[in-house]
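Enquirer: Heads up: the sequence lines are chains F and U, in that order.
To convert, take the position in the first sequence, counting from 1, and add 835; that gives the numbering used here.
To convert, take the position in the second sequence, counting from 1, and add 835; that gives the numbering used here.
Glycine is no exception: its CB is placed at the ideal position from the N, C-alpha and C atoms.
Remember, predicted model here, so these are calculated numbers, not experimental data.
Below are the structure tokens for one structure; questions will follow.
There are 2 protein chains.
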Amino acid sequence: MGHAVVGIGGDERTPLFHPATEDIVLTDVLHALSDPIRLEMVRQLDECAAERACGTFDLPVAKSTATYHWRVLRECGVVQAREAGTRKFHRLRRADLEARFPGLLDSVLAHTG
Amino acid sequence: MGHAVVGIGGDERTPLFHPATEDIVLTDVLHALSDPIRLEMVRQLDECAAERACGTFDLPVAKSTATYHWRVLRECGVVQAREAGTRKFHRLRRADLEARFPGLLDSVLAHTG
DNA sequence: GATCTTGTACGATTGGTGCCGTACAACGCT
DNA sequence: AGCGTTGTACGGCACCAATCGTACAAGATC
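As structure tokens, this is what we get:
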């Protein structure tokens with residue numbers, strides 16, 4: 836601290852928007868999960884059970900494309916993001932999704948393939 | 836008979852494509868249900884329990900747009916269509932969806948709003 | 001047969017989506 | 001300080017998705 840890196844664009848570190856549990860919208864979640872790449876991301880996140888850094892995923896798209904998909908998943912309430920240094924960790928919002936749409940995530944993830 | 840109206844494009848009455856149960860694709864179903872209009876269609880279909888004609892639905896879109904949405908729902912395996920004279924009846928493929936993605940449809944329809 | 005009803009086909013339009021490369025910021029490490 | 005790593009921002013691009021109006025086909029009805 837000290838030299839106050841207050842940022843370039845105005846705000847220092849936009850605190851990463853996450854919808855509150857009660858604000859998660861069903862059609863938004865369905866849309867997020869309807870993309871094969873994003874569904875694969877969610878599947879891989881589900882497997883590791885805990886949180887996991889972006890870079891550790893095996894995905895068939897460019898970095899910038901992955902960033903885009905993570906944002907979609909975050910902004911609709913499917914994943915929670917946490918910044919740690921230069922890395923960003925994600926975890927599935929299992930409990931929140933279960934509270935709002937009981938059984939949905941399980942039924943989606945149950946189907947392998 | 837007679838003047839042989841064999842069709843303009845070639846085939847007289849394309850028999851309405853429906854995917855087999857085992858060919859229903861998860862991301863396609865999620866995509867179909869992620870549109871608010873189509874989700875409303877499915878909801879209204881679910882309420883009546885049996886099959887129902889296109890025209891009896893209360894939807895905020897033009898006729899031709901509704902036709903488009905019914906086709907999306909049909910081609911991805913969510914609804915079954917049956918032509919009867921000038922009308923077309925639809926029913927939810929509950930059993931098929933339940934067989935392929937257990938719990939999915941219920942968890943989606945459970946959420947009213 | 002004439003007309004009404006029900007739904008489709010088609011073309012046009014508008015906006016969103018997925019994708020990439022490049023440039024860059026922020027932090028970690030040596 | 002300088003370099004490597006990790007992820008973002010932005011511009012661009014091609015394609016898809018949702019919408020509509022109009023025109024039309026196939027039955028139903030009078």
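(1) Starting from the beta carbon of T862(U), find every residue of chain F whose beta carbon is closer than 8 Å, and list them in chain order.
(2) State the beta-bridge partners of V864(U) as determined by DSSP.
(3) Between the Cα of G938(U) and those of L861(U), F852(U), P854(U), spot the shortest distance and give me the residue it belongs to.
(4) Starting from the beta carbon of V943(U), find every residue of chain F whose beta carbon is closer than 8 Å, and list them in chain order.
(5) In terms of residue numbering, what span does the beta strand (DSSP E) encompassing R917(F) cover?
(6) Please report how far the alpha carbon of W905(U) lies from the alpha carbon of G890(F), in whole angstroms.
(7) Taking Cβ positions only, does P854(F) come closer than 8 Å to chain U?
(8) Looking at M876(F) and F892(F), is the spacing between their C-beta atoms short of 8 Å?
(9) Could you list the residues in the stretch 881 to 904 of chain U with a C-beta less than 7 Å from some C-beta on chain F, going in chain order?
(10) Beta-carbon of H946(U) versus every beta-carbon of chain F: anything under 8 Å?
(11) Is the Cβ-Cβ distance between H925(F) and L880(F) less than 8 Å?
(12) Can you list, in chain order, the residues of its chain whose CB lies under 7 Å from that of L940(F), leaving out five sequence neighbours each side?
(13) Which residue comes first and which comes last in the alpha helix (DSSP H) that contains H904(U)?
(14) Quick one: using the 10 Å Cβ neighbour count with 16 as the cut-off for buried, is C911(F) buried or exposed?
(15) Under a three-way DSSP split, which group does D893(U) fall into?
(16) Taking the alpha carbon of A884(U) as the point to measure from, which residue in S942(U), L927(U), F936(U), V943(U) has its own alpha carbon closest?
Expert: Put simply:
(1) Correct list: L868, S869, D870, P871, L874.
(2) Its beta-bridge partners do not exist; DSSP assigns none.
(3) Checking every option, the nearest Cα to that of G938(U) belongs to L861(U).
(4) L861, L865, F936, L939
(5) 914 to 919
(6) When the Cα atoms are used, W905(U) and G890(F) turn out to be separated by approximately 40 Å.
(7) It does not; no Cβ of chain U falls within 8 Å.
(8) It is a contact, given that the beta carbons lie within the stated cut-off.
(9) none
(10) yes
(11) yes
(12) Within the same chain, L940(F) has close Cβ partners R929, L932, E933.
(13) 898 to 910
(14) C911(F) is buried by the Cβ-count criterion.
(15) coil
(16) Out of S942(U), L927(U), F936(U), V943(U), the CA that lies nearest to the CA of A884(U) is found in L927(U).
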